[in-house]
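Engineer: Quick one: this structure, given as structure tokens, is what I'll be asking you about.
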Amino acid sequence: MDIKDKYEEIAELEGMVDPFKTLMMQYECAMLEVKTKLEVLNKELALINSRNPFESIKCRIKSPVSIIEKLKRRDLDLTIENIEDCLNDIAGIRVICSFPDDIYMLVDCLLKQDDIKLIEQKDYIKNPKPNGYRSLHLILDIPIFLTGEKKHMRVEVQFRTIAMDFWASLEHKLKYKKDIENAAGISEELKYCADIISQLDRRMEQIRTKIEQKDK
Numbered sequence: 042m043d044i045k046d047k048y049e050e051i052a053e054l055e056g057m058v059d060p061f062k063t064l065m066m067q068y069e070c071a072m073l074e075v076k077t078k079l080e081v082l083n084k085e086l087a088l089i090n091s092r093n094p095f096e097s098i099k100c101r102i103k104s105p106v107s108i109i110e111k112l113k114r115r116d117l118d119l120t121i122e123n124i125e126d127c128l129n130d131i132a133g134i135r136v137i138c139s140f141p142d143d144i145y146m147l148v149d150c151l152l153k154q155d156d157i158k159l160i161e162q163k164d165y166i167k168n169p170k171p172n173g174y175r176s177l178h179l180i181l182d183i184p185i186f187l188t189g190e191k192k193h194m195r196v197e198v199q200f201r202t203i204a205m206d207f208w209a210s211l212e213h214k215l216k217y218k219k220d221i222e223n224a225a226g227i228s229e230e231l232k233y234c235a236d237i238i239s240q241l242d243r244r245m246e247q248i249r250t251k252i253e254q255k256d257k
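Here this note's numbering is used: the first residue of the sequence shown is 42, the next is one more, and so on.
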């Protein structure tokens, strides 16, 4: 999509500005609901285990331009219904953990809550992408309570270790560089770095376990 097309599509979006704003508000409310649940779990598990299971949490609502581009890539018309029914990542949360086992502990605790429904789970930690990308993705259905209705919304939650997030951030920046010489060779190097980072995560987890056993 070129710049002219983007402006034309945004102009089309402006024609449904009020319903769009309402929908984005609802996604933000759902995102905050999940964020609060994770923060409560972080406090409780920190008390139980004497350490926080996650280091940081980041939230974002997809921008109008990104929404438009994703609908276009899927050959879908720009409508409120298509945004709500066909896109699962409008509201996104990224949870950065110190260790891989903390990720699985958090996911297990989160999915046990009876007002959360798992729509989809993709485990790229146990099954990395071919380029080396590692993360665990959840699509969750969660209810929000508005003045006149209870509405179910979808939120995407990504869990990564600090090392995985470091790799993914750099890989994302490098991927969009243009006219890269020896792109295949660079991809191989990035994959090699991802494997090293995975080994580092496992070693650090083992060291932490040894320290915790010694303290008991």
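Cβ atoms here follow ideal geometry from the backbone N, Cα and C, with glycine treated the same way.
The model shown is predicted, which means the values in this text are computed figures rather than measured ones.
ASP232 to LYS167, Cα distance in whole Å?
Structural biologist: It should be noted that the sequence gives Lys, not Asp, for residue 232. In a straight line, the C-alpha of LYS232 is about 15 Å away from that of LYS167.
Engineer: Note down the Cα distance separating LEU175 from LYS99, rounded to an integer number of angstroms.
Structural biologist: Residue identity differs from the one stated: residue 175 is Arg in this sequence, not Leu. Near 18 Å, if we compare the C-alpha coordinates of LYS99 and ARG175.
Engineer: Taking the straight line between their C-alpha atoms, what separation do you get for PRO184 and ILE157?
Structural biologist: One C-alpha to the other measures close to 8 Å.
Engineer: When burial is assigned at 16 or more other CB atoms within 10 Å of the CB, is LEU79 buried or exposed?
Structural biologist: Result: buried.
Engineer: So ILE180 and GLU197 are in contact, right, with Cβ under 8 Å, and what is the actual spacing, rounded?
Structural biologist: Contact flag correct, Cβ pair sits at about 6 Å.
Engineer: Please specify which runs of the alpha helix (DSSP H), each continuous and at least 4 residues long, are wholly inside the region 129 to 190, giving them in chain order.
Structural biologist: Those alpha helix (DSSP H) runs which fall completely within the region 129 to 190 and span 4+ residues are 141 to 152.
Engineer: Count the CB pairs spanning the region 119 to 126 and the region 70 to 90 that are closer than 8 Å, and state whether there are at least three.
Structural biologist: Output reads no: the region 70 to 90 does not touch the region 119 to 126.
Engineer: Please return the same chain residues whose Cβ sits closer than 6 Å to the Cβ of LEU177, not counting the five positions on each side in sequence.
Structural biologist: Here the set comprises ILE144, ASP164, ILE166, PHE200.
Engineer: Going by beta-carbon coordinates alone, are LEU147 and ALA204 separated by less than 7 Å?
Structural biologist: For LEU147 and ALA204, no; Cβs fall outside 7 Å.
Engineer: Measure the beta-carbon distance from VAL75 to ILE134 and round it to whole angstroms, keeping in mind my assumption that it falls under 8 Å.
Structural biologist: Right, the Cβ-Cβ distance comes to about 6 Å (below 8 Å), so this counts as a contact.
Engineer: How far does the beta strand (DSSP E) with ARG114 in it reach, from first residue to last?
Structural biologist: Element bounds for ARG114: not the beta strand (DSSP E) but the alpha helix (DSSP H), 105 to 114.
Engineer: So, using beta-carbon positions, are LYS103 and ILE131 closer together than 7 Å?
Structural biologist: Yes, the pair counts as a contact, with Cβ atoms nearer than the cut-off.
Engineer: Thinking C-alpha only, which one of GLU190, ASN172, VAL58 is nearest HIS213?
Structural biologist: Among GLU190, ASN172, VAL58, the Cα nearest to that of HIS213 is on ASN172.
Engineer: Please list the terminal residues of the continuous beta strand (DSSP E) segment that includes GLU222.
Structural biologist: Where GLU222 is concerned, there is no enclosing beta strand (DSSP E), given that its DSSP letter is neither H nor E.
Engineer: Ends of the alpha helix (DSSP H) at SER91?
Structural biologist: Segment: none, SER91 is in no alpha helix (DSSP H) and carries neither H nor E.
Engineer: Near SER139, which residues of its chain fall below 7 Å by C-beta distance, leaving aside the five closest residues on each side in sequence?
Structural biologist: GLU96, THR202, ILE203.
Engineer: Return the CA-CA distance between ARG195 and THR77, expressed in angstroms with no decimal places.
Structural biologist: Taking the straight line from one Cα to the other gives about 15 Å.
Engineer: Tell me the rounded alpha-carbon separation between GLU20 and VAL136.
Structural biologist: Since the displayed the chain opens at 42 and closes at 257, residue 20 lies outside it and no answer follows.
Engineer: Any idea what DSSP makes of MET57, helix, strand or coil?
Structural biologist: Three-state result, MET57: coil.
Engineer: As a quick exercise: from ALA209, THR188, ASP149, pick the residue whose alpha carbon is nearest that of PRO169.
Structural biologist: Among ALA209, THR188, ASP149, the Cα nearest to that of PRO169 belongs to ALA209.
Engineer: If we ignore side chains and look at the alpha-carbon of each, how far apart do ALA235 and LYS191 end up?
Structural biologist: ALA235 and LYS191: Cα-Cα distance of roughly 43 Å.
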